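One structure is given here, and the rest of the page talks about it.
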Amino acid sequence: MKVVQELETRMHPDSVAGFRLVLAEARVTDSILLPVRAMERMVAPVQWMLRRVGEHGIRLTQAGYLPPAVVVEASTQLDWGWPVTASRESHFLPLLELRAHLRSVGLLRVSKGMLLQTSRGRALVEAPRDLWWHLARTAHQSRDPAESDATRLLLLLIARRGFDEAELFKQLLALSLETIGWVRADGAPLSSDAAFNLVLPKWRLLRRLGVFDAGTSSYTRWIVTPGGAAFARAALQSEV
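Following full-length UniProt numbering, the numbering of the sequence shown begins with 1 at its first residue and continues without gaps.
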């Protein structure tokens, strides 16, 4: 079953018609025609990490972090606009989150204190199109069901485009979560901030992959790039 079909099965009947209208506006079933060069730009940070780990892996520190030399290298190689040059992975949130995500989607693993490529990571590192598709198909995966659902709904709003106000994204995300049963413990609807907190790590990841334009106003205006819309549609075409 496709991701969007599974969402509909849990939706309040009164919300189904509106949901299907949003799906049509988001062109979720469209073929993905993004040029490979655009895919390469989006997966560049992931390729850098996989290549840096390489065939022989990286020995982690006793605390389980990347060694300082690798962190400094990442801070110069990855154009993320991080405000300081970090030498500790614990101080470089984008790198820490990227490594965690690549483990969660089966591209990296840790064994006996070594960070290693998985067999899938080795197969995809020099295949940017296939890597892009793998990242899209696994974008919504999470051990937390609420985070997974919220990410799927965020991806739907991204695919729809049509607006770029960050607050509107958050408000619509909260309303969408309510239609499939996610509310506060006391039964009250989620606030827009609470809804956004569910997807915050995923939102940061999507931003670093180029789903949103990373301009100076990118925290108040989430301008979806053409590649970002294609990425969201590819994610929503994946199987649950």
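For every residue, glycine included, the Cβ atom is placed at its ideal position computed from N, Cα and C. Just so it is clear, the structure is predicted and the values come from calculations on it, not from any experiment.
Assigned with DSSP and collapsed to three states, L157 falls in helix.
DSSP places M114 within a strand segment (E or B) once states are collapsed to three. For W222, there is no enclosing alpha helix (DSSP H), as DSSP marks it with neither H nor E. With distances taken between CA atoms, P13 lies nearest to T179 out of T179, I223, R137 and A195. With respect to the 7 angstroms criterion, L200 and G113 are not classified as neighbours on the basis of their beta carbons. The alpha helix (DSSP H) runs of length 4 or more contained entirely in the segment 16-54 are, from start to end of the chain, 36-53. Taking a contact to require three or more Cβ pairs closer than 8 angstroms, the segment 43-58 and the segment 181-191 do not qualify as touching. Under the DSSP assignment, W133 falls in the alpha helix (DSSP H) whose first and last residues are P128 to R137. Fully enclosed alpha helix (DSSP H) runs of no fewer than 4 residues occupy 145-160 and 166-179 of the segment 142-189, in order along the chain. Three or more beta-carbon pairs drawn from the segment 61-76 and the segment 88-99 are found closer than 8 angstroms, and the two stretches are therefore classed as touching. Looking at the backbone, the Cα of G54 and that of R161 are separated by about 37 angstroms. T225 and V16 have their C-alpha atoms spaced approximately 28 angstroms apart. Cβ-Cβ distances below 7 angstroms link A229 to I158, A159 and R161 in the same chain, with the five nearest sequence neighbours on each side left out; the list follows chain order. In the DSSP annotation of this structure, A63 is not part of any alpha helix (DSSP H), being labelled neither H nor E. CA-to-CA, the gap between L95 and G81 works out to about 12 angstroms.
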